[in-house]
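Participant:
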Amino acid sequence: MEAIPARARGYVACVALGALCCTLPSLPGPRTPWWAVALLAAVYAAGEQVARRRFAATLHPVLLAGAFLLAPSAAALVPLPGALFSHVEQPPFLLRRVWRAAESSLAVWLAARTHGALGGREAVAGSDLPCALLPAGAAVLVFCAALALLDGGMPALVEGLPLRAACQGLFLRSLAPVAVHGLAGLMTAVLWSSPYGPVAALLVLFPMAVSWWVFAQYHRERAAHQATIRALVQAVDLKDGYTRGHSERVGQASMSIGRELGMDEHRIEMLRFAGILHDVGKLGVPTRLLRKDGPLTPEERRVIELHPEYGHEITRGISFLGEARSAILHHHERIDGTGYPYGLAGGQIPECARVVAVADAFDAMTSTRSYSRARPVAAALEELRRCAGSHFDPRMVTALTRAVDRDGWHPVVTAEETRPGVPAPAPTPDDRSEARR
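Residues 104 to 540 (the working numbering) make up the sequence shown, in order.
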C-alpha cells in the first residue's frame, strides 16, 4: 500500500463511497428481484475468473444486461462479488479489487439510470427490439464514458495529466468493443424477458466467449511471432553490432514503399518482417569475416554472399513469414541480373525482394558508418534514381521517393550511435558494398 500515493487512495475511497451510495436504495427494497441479481452476479463472478486469466477481458455483456433489466441500485450490485474476488496480478490486491468493484458499480448504475430514463426497460420487457436500441445505445455510451472518466481521473489526479487527454484516448479505444458487448447485453436482456427465460438468455454469452477465445489465441500467436523475430534480430545484433538498428529501419522503409504501392495490410506486415530479418543469414557467416577491417579476398567475398541462403534456411520452419522468406533470399539480386545468390533479373526477382533491396540500400546510404558519414536523404534518393533500371526496380524507387517527399524520413533511434568511450565496431564487408551503391 505504501507505493500508492495518498491522493490515489483517497480517490479510490471517494469512488467506493459513491458506489456504496448507489447500491443502498436496493437493499431494503422488497420489490428488488434478488434471484435475478444473484444469478447475474454469479455468472459475472464465475466468468471474471476465466476472462481475466485467459482473455485479459471482462464480462461487460453481463453488466450491461443487468443495467437493461434491473433498477439502477440493483444493477449496481451485479459487479460487486466478481470484482471483489477477481484475479489481480499486482499488489496492493485489496485496493485494486475495491477500485475495480467501485468503478464497475458506478458505471453500471449510470448506464441503468440512462436506460431507464429513456424508457428502455419497458421496451426490453415488451421485447420491442427496434425501440430498445436507442436507450440501449445511450446507456452503452454513458457506461463507456463513465469508465473512461473514472480511469482517466487517476492519472490526472496523481500525475497531473490533463483530464481531457487522459479520458479521450480511453473512451475512443473502448467504445467499439463495449458497443459490441452492449448488443450482446441487449440480446440477453430481451431473451431474459421473453417466454424463453433466463437460461436461453445466458446462452447468448457462449458465442461471445468463443469470440474472446479466438481473439485471445490470435493475440498470443502475434506475441509469439514478435518474440521470434526479436530473438533473431538480437542474435544478429550481438554478432554484427555495427549494424544495430539497421534492420528495424529497413523494415520501416519497406513498409513505406508497400503502402505507397497500395499493398494490403497483410503484405505490408510481411514486408516489415522481411526488412527486419533480411540480414538474419549473417548468423551463418564467421564473425571474423563480419568484423574484418580490411579488403576481403575473393573466397571471403563468396562466403559473405552466402548469407541470403543462410537466412532462407534459418527461417525455413517459420511458417508465418510467408513471402518474407523470398525477400530474405533474393534482396541482393539486381534488375540487370548481376546480383546474388542466383543472378535473377527483372521480373524473376520476387516483388517483396525488390522492395527490401531499395529499403536496404537507402538506409545504408543514410546511416553514418565509421568509414563514411551519412548521405543526406535527397542525395541517397538521387543515387537510387541513378541506379534504377540497372540495380533497383524503378517502381520501388519511385514509391520510396514519393513517400519520403510527402512524409519525410524519421528512422527509429537505435543503438548504432556508440556510447562515449566505447569504440564503434568495425564495418562489415556487406555494409561497405551497400555504401558504394
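A virtual CB, placed ideally from N, CA and C, is assigned to each residue, including glycine.
#1: How far does the alpha helix (DSSP H) with Leu221 in it reach, from first residue to last?
#2: So, with DSSP's three-state summary, where would you put Leu491?
#3: Roughly how many whole angstroms lie between the Cα atoms of Gly541 and Ala186?
#4: Please return the same chain residues whose Cβ sits closer than 8 Å to the Cβ of Glu412, not counting the five positions on each side in sequence.
#5: Would the beta-carbon of Ile360 fall within 8 Å of that of Val461?
#6: Check whether the Cβ atoms of Ala553 and Trp295 sit closer than 8 Å, and answer yes or no.
#7: Is it the case that the Cβ atoms of Asp466 and His349 are separated by a distance below 8 Å?
#8: Which residues in the same chain as Ile379 place their Cβ atom closer than 8 Å to its Cβ, once the five residues preceding and following it in sequence are excluded?
#9: Any chance the segment 300-314 sits against the segment 188-201, with 3 or more Cβ pairs inside 8 Å?
#10: Check whether the segment 197-206 and the segment 171-178 touch, using three or more Cβ-Cβ pairs below 8 Å as the test.
#11: If Ala144 and Ala205 are in contact, beta carbons under 8 Å, what's the gap, nearest whole angstrom?
#12: Would you call the CB atoms of Leu253 and Ala259 closer than 8 Å?
#13: Determine the closest residue to Leu172 out of Arg112, Thr501, Pro398, Pro301, with distance taken between C-alpha atoms.
#14: Using the C-alpha atoms, what's the distance from His435 back to Glu403?
#15: Let's see if you can read the secondary structure: which residues bound the alpha helix (DSSP H) around Ile371?
#16: Nearest to Ala292 by CA position, among Ala239, Glu486, Ile421, is which residue?
#17: Here's a check: name, in chain order, each residue in its chain whose Cβ is nearer than 6 Å to the Cβ of Gly387, leaving out the five neighbours to either side.
#18: Would you mind sorting Asp340 into buried or exposed? The rule is 16 or more other CB atoms within 10 Å of its CB.
Facilitator: To lay it out plainly:
#1: Against the sequence shown, residue 221 aligns to sequence position 118. Premise fails: Leu221 is in no alpha helix (DSSP H) and is neither H nor E.
#2: The residue labelled residue 491 in the question sits at position 388 within the sequence shown. It should be pointed out that residue 491 corresponds to Ala in this sequence rather than to Leu. In the structure shown, Ala491 sits in a strand (DSSP, three-state: E or B).
#3: Lying before the first or after the last residue shown, residue 541 is absent from the chain, which here runs from 104 to 540.
#4: Reading the sequence shown from its first residue, position 309 is the one you call residue 412. Cβ neighbours of Glu412 beyond the five flanking positions: Gly384, Leu432, Pro444.
#5: Within the sequence shown, numbered from 1, the residue matching residue 360 stands at position 257. Within the sequence shown, numbered from 1, the residue matching residue 461 stands at position 358. Contact: yes.
#6: Because the chain spans 104 through 540 in this model, residue 553 falls outside it and cannot be assessed.
#7: In the sequence shown, counting from the first residue as 1, residue 466 sits at position 363. In the sequence shown, counting from the first residue as 1, residue 349 sits at position 246. Taking 8 Å as the Cβ cut-off, Asp466 and His349 qualify as a contacting pair.
#8: What you label residue 379 is simply residue 276 of the sequence shown in a count that begins at 1. So the qualifying residues of the chain are Ile332, Val336, Ser350, Glu351, Val353, Gly354.
#9: no
#10: no
#11: Sequence index remark: in the sequence shown, residue 144 carries index 41 (1-based). Sequence index remark: in the sequence shown, residue 205 carries index 102 (1-based). By a beta-carbon distance limit of 8 Å, Ala144 does not contact Ala205. Their separation comes to about 16 Å.
#12: Taking the sequence shown and counting its residues from 1, one reaches residue 253 at position 150. Taking the sequence shown and counting its residues from 1, one reaches residue 259 at position 156. No, the pair does not count as a contact, with Cβ atoms beyond the cut-off.
#13: Residue mapping note: residue 172 aligns to position 69 of the sequence shown, counting from 1. Nearest option by C-alpha distance: Pro301.
#14: Within the sequence shown, numbered from 1, the residue matching residue 403 stands at position 300. Within the sequence shown, numbered from 1, the residue matching residue 435 stands at position 332. So the alpha carbons of these two residues sit roughly 17 Å apart.
#15: Taking the first residue of the sequence shown as position 1, residue 371 is located at position 268. From DSSP, the alpha helix (DSSP H) with Ile371 extends over 368-380.
#16: Mapped onto the sequence shown, residue 292 falls at position 189. Of Ala239, Glu486, Ile421, the residue nearest in Cα terms is Ala239.
#17: Your numbering for residue 387 matches position 284 in the sequence shown. Excluding positions up to five away in sequence, the list reads Tyr413.
#18: Against the sequence shown, residue 340 aligns to sequence position 237. With a 10 Å radius around the Cβ and a threshold of 16 neighbouring Cβ atoms, Asp340 comes out buried.
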